[in-house]
Every structure is written in C-alpha cells, then in structure tokens.
Amino acid sequence: MEKRTILIFTDYYLPGYKAGGPIRSISNLVEHLSEDFEFKIITRDRDTQDSEPYPNIQSDNWNKVGKAQVYYLSPQNQTYKSILNILKSTNYDCLYLNSFFSYKFSLYPLLAEKIFVKKSKKVIVAPRGEFSEGALKLKSKKKKTYIQFFKSLKLHKQVVWHASTIYEKKDVENIFKNNKIVTALNLPKPLSENNININSTKKVENKLRIIFVSRITEKKNLIYALKLLQDVKGNIEFNIYGMISDQNYWEECLSMINQLPSNVKVSFHGPIENEDVPGRMAEHHMFLFPTYGENYGHVIVEALSSGCPVVISDQTPWKKLSEKEVGYDIPLKNKEEFKEALNKFLTMNNGDFQRMASKAKEYGKSIVTNSASIEDNKKLFQTPS
C-alpha cells in the first residue's frame with residue numbers, strides 16, 4: 002500500500018534548534034510516523050536570527066534530511082509566488098501548517114491551496130499554543146487583526162485544527178466556534194539508549210541548582226523566575242539556556258539579575274542544541290519554567306525524562322505534578338506558592354531528592370512510551386478531509 006504524503010510548512014526545521022519546541026514537534030512526528038507516511042517539509046534555509054544558511058544543504062531545492070525530504074527556502078524565495086509554485090509541482094495528500102500566526106509558512110500556503118491550487122486536499126493547522134490566554138495577551142492588537150482577517154476569508158471553515166490537548170481544543174473553540182478540531186498529543190523524542198540520562202547530582206541541604214531552558218521572550222516569563230529568587234535563602238545556582246529572541250526583554254532580565262542578592266549566582270549560556278538538553282537537565286535539581294502558555298512543552302518532558310523535577314506554571318498540559326511527586330504546577334498569580342516550592346527544594350536532603358528524581362524519570366518515561374498518542378497522530382493524517 003502506497004504511503005500517504007504529508008506536506009508540512011514550518012518556519013524552522015532541522016538542523017535548526019534555536020526556535021525550540023516547534024522544530025521538535027515536527028522532527029519527533031517524522032521519527033515516530035515515517036514508517037506509515039512520507040513527509041515532505043518546506044522551511045527556511047537558516048536558523049532563527051542567523052544570516053547564513055545551514056551548512057551542507059542546498060537552498061531552494063529538495064534535500065534528504067533523516068527520514069524526510071526537506072525543501073529549504075532562501076530569504077528571496079520565501080514569497081507567495083514561490084510557495085504557490087511548490088504546491089503546484091508537489092504531490093501530497095495532506096497539507097500540515099505548523100503555526101497559525103506565520104504568514105509566510107501558514108497563511109501563504111493556505112491561500113495558495115484554497116484559491117489557486119485547489120487540489121481539495123485535507124489541510125491541518127496546528128496552533129502550537131498560540132491561542133492560549135497568556136500567548137494571546139502578547140501583541141494582542143496585531144493578533145486580533147490577523148484573526149479577523151482569517152475569519153473574513155472564512156479560512157477557518159476550510160481546515161482541520163490540530164489541538165495537542167483538551168485544553169488547547171478549548172482555546173481553539175474560544176476563537177473559532179463550531180470548527181473541526183482533532184486532539185492528538187504532541188509526540189516526544191523517541192526513547193533510546195542515547196537519550197537516557199540519570200540524574201546523579203547530589204543534593205545538599207540549603208544548596209540548589211536550578212535550570213531554565215527556553216527562548217528569552219516575554220511568553221517564557223524568565224523575569225518572573227528571577228523575581229522569585231530575590232527573597233530565597235541558601236545558595237542558589239541558576240543556569241539559563243536559550244536564544245535571546247527579544248533583546249529589550251533580555252535587558253530587563255539583566256537588570257533584575259543585577260538586583261539579586263549575593264547568595265544567588267546566575268549564569269547565561271546562550272542557545273543549546275536539542276540533543277544536549279537532557280544531559281544539562283540531569284545536572285540540576287530543578288527545572289523552573291513559569292511560562293505564560295505551552296501547548297505541550299517538550300522541554301518539560303525532557304526535564305522529567307532526565308530525572309529533573311519541575312516547578313512550572315499551570316499553563317501547560319502537565320497537571321497535578323505534586324500528587325505524582327515529580328514537581329509542582331502553580332498558577333502564576335500564586336507567587337507565594339512558587340516561593341514555597343523553591344524552599345521545599347532548597348531544604349531537601351539528598352535521599353528525598355533522589356526519590357523525587359526517580360519518580361520524575363519514571364513519569365517522563367511513561368509519557369515518552371505512550372502508544373495511544375502515536376495512534377492519535379496517525380489517525381489525524383489517515384482520515385480524509
């Protein structure tokens with residue numbers, strides 16, 4: 002039986018890593034489902050904020066990358082005309098758009114497919130957390146205008162929405178009423194001997210190694226994390242990994258870092274490649290991530306899978322973590338509750354920490370090996386429009 006071909010448009014893909022989660026969402030999808038589907042991916046020919054294309058790739062042409070065919074568009078060819086020509090010349094059964102607010106890699110291909118190409122193929126749009134309450138508050142006027150334009154063309158009636166969780170399904174329904182929405186959890190990186198890490202970091206009472214891994218933007222809420230450390234006693238080592246996506250926001254973070262007491266040591270390490278994340282997580286006692294909203298949160302799963310307990314906001318799919326004894330998910334308005342969680346980790350002895358780390362690892366493993374999520378994603382692509 003011939004495989005169905007899935008044509009994916011996404012702003013960034015491998016070997017890129019600075020854009021974070023969206024790259025992982027697609028690369029993991031390819032890894033898990035390539036035996037059942039053929040994947041063709043259209044993306045930029047360079048990582049976010051880079052001025053040069055990736056080495057060893059051919060721009061404006063198809064390249065074999067892992068288990069997918071990838072077409073890397075150069076900046077001058079990221080145009081409506083170029084995308085229209087690619088759609089006309091490429092055979093595919095399903096069009097998958099890995100964002101809602103990307104006009105070049107979502108709006109362009111959607112308009113081209115519906116107005117000119119008219120292949121009547123199934124079109125799936127994955128908002129990737131863009132409709133969460135926290136995310137919509139950022140640049141809200143611009144996003145409202147974009148949504149209204151989308152509605153005016155009735156494009157929302159012509160697509161299937163891929164919601165990663167029941168929470169994201171509700172977010173989509175809040176904006177686009179009575180639309181077709183399919184829920185399928187994002188797929189984590191397949192488990193292998195190469196990405197199994199053991200947290201052997203010894204925990205000494207009143208000493209705490211904290212890690213933050215994400216892009217430096219308002220949405221990821223690093224300033225909130227820094228403010229939490231202002232009144233915490235004991236010796237804190239806070240390591241920050243991620244690309245600076247918003248320089249003005251980073252300047253605010255630096256100002257906050259300079260105000261922290263001497264018992265808090267902060268180090269910024271810049272972007273980190275995806276394959277290095279689990280290893281760094283396993284060197285810390287806690288992953289701190291007060292995000293405004295994640296539709297999945299690959300980095301959260303990677304922390305847990307590495308035996309690194311988490312203290313995160315309640316704006317992710319990962320709930321009731323304290324009941325599972327793997328961390329805490331806390332409303333952002335409850336700053337004192339965040340501080341209490343930090344103090345619990347700070348005063349924790351090594352025996353208690355190792356027990357929590359072990360439970361975190363087991364919970365992470367259960368997420369990664371969840372076969373139901375794989376079947377849900379297969380159904381997303383198998384069914385006709």
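Residue numbers (the numbering used here): 2 to 386. We put the beta carbon where it would ideally sit given N, CA and C, even for glycine. A quick note: this is a predicted structure, and the numbers were derived from the prediction, not measured.
For Ile331, the enclosing beta strand (DSSP E) covers residues 328-331. In this structure Lys105 is not in contact with Pro272, their Cβ atoms being roughly 22 angstroms apart against a cut-off of 8 angstroms. Beta-carbon to beta-carbon, Tyr297 and Gly22 are separated by about 7 angstroms, close enough to satisfy the 8 angstroms threshold. Leaving aside the five residues that flank Phe354 on each side, the residues in its chain whose CB is nearer than 7 angstroms to its CB run, in chain order, Lys204, His286. For Gly235, the CB contacts under 7 angstroms within the same chain, skipping 5 residues up- and downstream, are Asn207, Lys208, Leu209, Asn264, Leu347 in chain order.
For the pair Tyr250 and Glu295, the CB atoms are not nearer than the 8 angstroms cut-off. Taking a C-beta distance under 8 angstroms as the contact criterion, Cys254 and Ala283 do not qualify as a contact pair. The alpha-carbon of Ser374 is positioned some 18 angstroms away from that of Leu305. For the options Ala361, Asp232, Gly243, Val302, the alpha carbon positioned closest to that of Glu341 is the one of Asp232. For Val327, the closest alpha carbon among the candidates Lys334, Asn344, Glu338, Ile301 is that of Ile301. In the structure shown, the three-state DSSP call for Met257 is helix. For a cut-off of 8 angstroms, the C-beta gap from Leu223 to Ile241 is around 7 angstroms, short enough to register as a contact.
Here Val233 is not bridged, per DSSP, to any residue. Per DSSP, the beta bridge partners of Phe213 are Ile241. As DSSP reads the structure, Asn64 sits in a beta bridge with Val71. Within the region 20-107, the complete alpha helix (DSSP H) runs of at least 4 residues fall at 22-34, 81-90. A check of alpha carbon separations from Lys145 across Pro128, Val183, Lys155, Phe102 identifies Phe102 as the nearest. Straight across, the Cα-Cα distance linking Lys119 with Leu111 is about 10 angstroms.
Comparing C-alpha distances from Glu3 to each of Leu139, Ser35, Pro191 shows the shortest one belongs to Ser35. Of the candidates Trp319, Ser314, Pro318, the residue whose Cα lies closest to the Cα of Pro332 is Ser314. Straight-line spacing of the CA atoms in Arg356 and Pro291 works out to 24 angstroms.
Around the beta carbon of Ser268, fewer than 16 other beta carbons sit within 10 angstroms, so the residue counts as exposed. For the 8 angstroms CB-CB criterion, Val173 and Ala185 do not form a contact. For Leu343, there is no enclosing beta strand (DSSP E); the residue is part of the alpha helix (DSSP H) that begins and ends at 336-348. Membership of Ser367 in the alpha helix (DSSP H) is indicated by the continuous run 351-369. When the beta-carbon positions are compared, Leu96 and Ser83 stay at least 8 angstroms from each other.
Residue burial annotation: Lys221 is buried, with at least 16 other C-beta atoms found within 10 angstroms of its C-beta. Between Asn92 and Phe10, the CB-CB gap reaches or exceeds 8 angstroms. Beyond the five residues adjoining it in sequence on each side, Glu169 comes within less than 6 angstroms, by CB distance, of Asn296 in the same chain, given in chain order.
Unbroken beta strand (DSSP E) stretches of 3 residues or longer found wholly inside the region 270-322: 287-290, 311-314, given in chain order.
The C-beta distance from Ile87 to Tyr109 rounds to 10 angstroms, too long to fall under 8 angstroms, and the pair is not in contact. Lys89 and Lys181 have their alpha carbons spaced roughly 26 angstroms apart. For Ala113, no alpha helix (DSSP H) segment is defined, and its DSSP state is neither H nor E. For Arg5, DSSP records a beta bridge to Phe38. Proximity to Tyr81 across Ala69, Ser60, Asp61, Ala113 peaks at Ala113, based on C-alpha coordinates. Ser372 carries a helical assignment under DSSP once its states are collapsed to helix, strand and coil.
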